[in-house]
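A short worksheet on the structure shown next.
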Amino acid sequence: MAEFIFALLSLFALFALAMNRAPLRLWALAAAVFTLCAEMGLVHGHLHRPVLTLWALLGWLIAGALFALSYKDLRRKYVTLPAYRALKGAMPIISETEREALQAGTVGWDAELFGGTPDWAKLRRVAPITLTAEERAFLDGPTVELCKRLNDWRIRHELHDIPDDIWRFVCDNGFLGMLISKQHGGLGFSAQAQSLILGKISSRSPDGVTIVMVPNSLGPGELIEKYGTDAQKEHFLPRLARGEEIPCFALTGPFSGSDAASMRDIGIVTRGLHEGKETLGLRLTWDKRYITLAPKATLLGLAFRLFDPENLLGRGEDVGITLALVPTDHPGVEIGRRHLPAGASFPNGPTRGRDVFIPIDWIIGGAERAGQGWRMLMSCLAAGRSISLPATSAAAAKSMLRTSTAYARIRKQFNLPIGFMEGVEEPLARMVEAAYELEAARAVTASMVSAGEKPAVISALLKYVSTERMRQSVNDALDIHGGRGICDGPSNYIQGAYQMVPVGITVEGANILTR
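Positions 1360 to 1874 (our numbering) are the ones given, in order, by the sequence shown.
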């Protein structure tokens, strides 16, 4: 009994020291007390004079080492510096693009969480779901009307495309300008409003939400809003907000997927003719694929590596990754055949160009922003990842839960609703958990973005977790429905989400690499 009590007290002391991040001197004192107790037989409940054993000697050495390391100079000289040198030699060299990716975004409450001392009161201070009257009216008005007009079966089975009347409605009602400020003709909605609108549309049609989601995430609109020149903002933003320009953003290529910085698309600073006049510009060659909205786009946002062999910009030969705006009807721009991603019907396809000359002021932000493309992308990615995919994933999880619980109640086998069977109760429980979890994560993160944060770490984790939990929920729903979910048709409310699962898993950083 004495041994059990001593072990219990020792464990309690260990956890108390660890949870309170006790200084090394307290750890040394604890080790000394434990060793002394062992020497005097208190471990076994038999008190006697101290007896120095091999284990006791080891305990005193540990206590002494901990006490010595409590002095900062000794710790730095004999522990920190040797460890740093060893790790420095073992770790690969971080490139400039990798460094920019690591430093992108902001760090908030997540730093406390990973630091081991989260301030839960700070998390509770995150603003609850709040919408302005205008945002609420848009959610209850045009968004509901769009959902009524979307026919998922017609889109993905009969037309294999988004109907023109849907495009007109989306453009006329400002859906493409939710991200753009009112100053430049957009709606200027908060991240929370965008998230709720996208979630509502995706519950009706995964293809339909894509044409709204892409222009309101990482792309020309957001990049011009944050980094564009005054002329670019005045010209493009109102046109993008009204749907007069359909944007796409070309980043992924045959040799660069998740490692987008390894792109082989290049631009050369040179002089050439534009509209009959010789001007300083770029000669571009690119080959991009998997570009959403490319077959429908009128404005191409292009990422490439810029070189200046004649040093015309005065920044050396390798200027770096740069972003430019290229009209899709510009001479030399090619839009290839449409891809068919997992049977989905939203516009997606490749784009190419060889020796396409554009003026220097088509760079987003002008010549001053040449070489800053990767930093610009990483800065915008943190916010974008926090909105679109978490919104659609949470909506899918809630939609699958709603239909599956209803089906499990009315579908009977062996004169019993299948929802009462343990084999069905288990996936239903998982779906309930996923729906609450994803909705909570979506709402909190969207509120953080609305408050001005760009949570790089949280957004990456949320993208991975939300799409994986969404995949599990869709698979569980299909298991519960059985043949009802497998046989496709106008009344099948699962197949649209099931076909789009791989898209969410893959885009904005494939999950298999993101983790």
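Note that CB positions come from ideal geometry on N, CA and C, so glycine has one too.
| Item | Value |
| --- | --- |
| Confirm the yes/no value for this check: CB of Ile1583, any heavy atom of the ligand GTP, distance under 7 Å. | With respect to the ligand GTP, the structure offers nothing, as it holds no ligand at all. |
| Do Pro1814 and Gly1467 come within 8 Å of each other at the CB atom, strictly closer than that value? | yes |
| Taking the C-alpha atoms as reference points, what is the distance between Lys1585 and Ala1819? | 21 Å |
| Run through the DSSP bridge pairs and tell me what Asn1707 is partnered with. | Thr1651 |
| Could you check which residue in Ala1600, Glu1493, Trp1645, Asn1670 has the C-alpha nearest to that of Glu1693? | Trp1645 |
| Work out the CA separation of Pro1654 and Arg1696 for me, nearest whole Å. | 8 Å |
| I'd like to know whether the C-beta atoms of Thr1762 and Lys1822 end up nearer to each other than 8 Å. | no |
| Taking the alpha helix (DSSP H) that Cys1607 falls in, what are its first and last residues? | Here Cys1607 belongs to no alpha helix (DSSP H); instead the beta strand (DSSP E) covers 1606–1609. |
| Report the residue from Ala1415, Met1622, Ala1794 whose alpha carbon sits nearest the alpha carbon of Gln1831. | Ala1794 |
| Is it the case that the Cβ atoms of Gly1626 and Thr1681 are separated by a distance below 8 Å? | yes |
| Measuring straight from C-alpha to C-alpha, what distance separates Glu1493 and Ile1539? | 15 Å |
| Can you give me the C-alpha to C-alpha distance between Gly1423 and Ala1415, rounded to a whole angstrom? | 12 Å |
| Could you tell me the distance, in whole angstroms, from the CA atom of Glu1637 to the CA atom of Leu1599? | 29 Å |
| Specify, as a first and last residue, the run of the beta strand (DSSP E) that Pro1441 falls within. | Pro1441 -> not in any beta strand (DSSP E); alpha helix (DSSP H) instead, spanning 1440–1449. |
| Measure from the alpha carbon of Gln1551 to the alpha carbon of each residue in Ile1605, Pro1487, Leu1610, Leu1376, then state which is nearest. | Pro1487 |
| I need the boundaries of the alpha helix (DSSP H) containing Ile1719, first residue and last residue. | Unbroken run through Ile1719: none, as it is neither H nor E. |
| Roughly how many angstroms lie between the CA atoms of Tyr1857 and Asp1835, to the nearest whole one? | 11 Å |
| Identify, in the order they occur along the chain, each residue of the same chain with its Cβ nearer than 7 Å to the Cβ of Gly1712, setting aside the five sequence neighbours on each side. | Leu1643, Thr1644, Trp1645, Gly1691, Val1692, Glu1693 |
| So, for Glu1604: in the same chain, excluding its five sequence neighbours on each side, which residues have a beta-carbon less than 6 Å away from its beta-carbon? | Arg1598, Thr1657, Leu1658 |
| Assuming Asn1575 contacts Met1622 under a Cβ cut-off of 8 Å, what Cβ separation, rounded to an integer in Å, is found between them? | Actually they are not in contact, since the Cβ atoms of Asn1575 and Met1622 sit about 24 Å apart, beyond 8 Å. |
| Which residue wins for smallest C-alpha separation from Arg1484, given the options Gly1500, Asn1851, Leu1373, Ser1806? | Ser1806 |
| Tell me the rounded alpha-carbon separation between Ala1754 and Asp1499. | 16 Å |
| Measure the C-alpha to C-alpha separation of Ile1556 and Phe1548 and round it to an integer number of angstroms. | 10 Å |
| Are Thr1629 and Leu1748 close, meaning C-beta to C-beta below 8 Å? | no |
| Output the distance between the C-alpha atoms of Ala1609 and Ala1800, rounded to the nearest integer angstrom. | 29 Å |
| At which residues does the beta strand (DSSP E) containing Ala1662 begin and terminate? | 1658–1666 |
| Start and end of the alpha helix (DSSP H) containing Val1692? | Segment 1692–1694 is the beta strand (DSSP E) holding Val1692; no alpha helix (DSSP H) there. |
| Hey, would you say Ala1314 sits closer than 8 Å to Met1859, going by beta carbons? | Residue 1314 lies beyond the residue range present for the chain, which begins at 1360 and ends at 1874; the question has no answer from this structure. |
| Under 8 Å, do Leu1582 and Met1735 count as touching if we go by C-beta distance? | yes |
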